[in-house]
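In UniProt numbering, the protein residues as written are 1 to 369.
From the three backbone atoms N, C-alpha and C, an ideal C-beta is built for every residue, glycine too.
Quantities reported herein were computed from a predicted structural model and do not represent experimental measurements.
What follows is one structure encoded as structure tokens, with my remarks underneath.
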Ligand SMILES: [Zn+2]
């Protein structure tokens, strides 16, 4: 299942569980979830989207998850989210609990690596650790979603004298059995794609946006049977690789325009996504790739991101950048304005802009000084 559809299925089940606990009050984000399911059904199935909450409940009570366009393991695909008693189905609940637990474990692997790098750097002050961190995070990209085990070991070997944390990246991957031929990967995110009537090599909404825009076709993956292949674990794919695609694209574009000497990816062990050093200060850039602007702001608040953003120097700039595809994929209004309006009450240090507006802004700041 792709990152976005997985995330949506999890959101639907979570909303229903919350609602079950407090029947008199609809969970706060239920409207957003219903809207997301609507657009999902339009793009991925022939099922008519529900017009109201009653129809929404009807869809998830009468149609198995597979027919709603979600691919779950074969054991679960014929289960319906809501059972005949109007409660969340117990097997679906089991699948949900298990998935959440596994994603947390995956996500924590990346977080642990980050914290260990920070700890090692604090202790030794070795700049190589920050360099390693940037390289490792940049390594989690579309070309490395599925790879041979020796590629991982090369990276481990490169830094094994610098850091103990580096061996941990071996756990970010798991074994994968590839077919001897006809393996296809997404040209945008690198994920292995399935081709059957429902899936038709489809991938996330983001991937499909760039595939349509740039006329990209699924890439075939040549397999050398002498090697063992590994693929990125799902939680790391969903929460690190996918958002990283926009970060890497913006980084490379900035390097092309202004040279790569002053531009860093994941500077100071992930303080921000990108930094651009100019004569009298630094431009800090965070790229936020969320389907919904409401989720974006919510996450910033929960992660206490404003403390870091407010804490930069007086001559520094902080940009929160919305990737290009979000502007086009979001159907709930003007994405940027929603974020700006919500941030106004929280901070005045952060400038919210779309990706294609960033390049000129950075140029103006660099050249003015
Ligand atoms: Zn993809």
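Check: residue 90 by DSSP, collapsed to three states: which one?
Finding: Reduced to three states, the DSSP call for residue 90 is helix.
Notebook entry, point to check: Cα-Cα, which of 31, 245, 51 and 325 is closest to residue 11?
Noted result: Checking every option, the nearest Cα to that of residue 11 belongs to 31.
Margin query: Per the DSSP calculation, residue 220 is bridged to which residue(s)?
Written below: DSSP lists 184 as partners of residue 220.
Note to self: Measuring only from the beta carbon, is residue 204 closer than 7 angstroms to any heavy atom that is part of ligand 1?
What the structure shows: True, at least one ligand heavy atom lies under 7 angstroms from that Cβ.
Note to self: Less than 8 angstroms between the beta carbons of residue 160 and residue 166, yes or no?
What the structure shows: Yes, the Cβ-Cβ distance between residue 160 and residue 166 is below 8 angstroms.
Next item on the list: Go ahead and pull the three-state DSSP assignment for residue 203.
Entry: Residue 203: coil per DSSP, three-state reduction.
Check: Looking at residue 45 and residue 68, is the spacing between their C-beta atoms short of 8 angstroms?
Finding: In contact: residue 68 and residue 45 (Cβ atoms closer than 8 angstroms).
Next item on the list: Please state whether DSSP places residue 117 in a helix, a strand or coil.
Entry: If DSSP states are grouped into helix, strand and coil, residue 117 belongs with the helices.
Notebook entry, point to check: Going by DSSP, what residues sit across from residue 287 in a beta bridge?
Noted result: BP columns for residue 287 point to 321.
Checklist line | Other residues of its chain near residue 277: CB distance less than 6 angstroms, five sequence neighbours each side excluded | finding: Excluding positions up to five away in sequence, the list reads 262.
Check: Are at least three pairs of beta-carbons, each pair with one atom in the stretch 281-296 and one in the stretch 332-342, less than 8 angstroms apart?
Finding: Enough Cβ pairs lie closer than 8 angstroms, so yes.
Note to self: So, with DSSP's three-state summary, where would you put residue 28?
What the structure shows: Here residue 28 carries a coil assignment [DSSP, helix/strand/coil].
Checklist line | Near ligand 3: residue 188 beta-carbon under 7 angstroms from a heavy atom | finding: With respect to small molecules bound, the structure shown includes ligand 1 and not ligand 3.
Checklist line | Test item: CB-CB of residue 141 and residue 241 under 8 angstroms | finding: For residue 141 and residue 241, yes; Cβs fall inside 8 angstroms.
Item checked: At least 3 beta-carbon pairs within less than 8 angstroms: the stretch 224-237 vs the stretch 102-118 -> Proximity of the stretch 224-237 to the stretch 102-118 meets the contact definition, three or more beta-carbon pairs being nearer than 8 angstroms.
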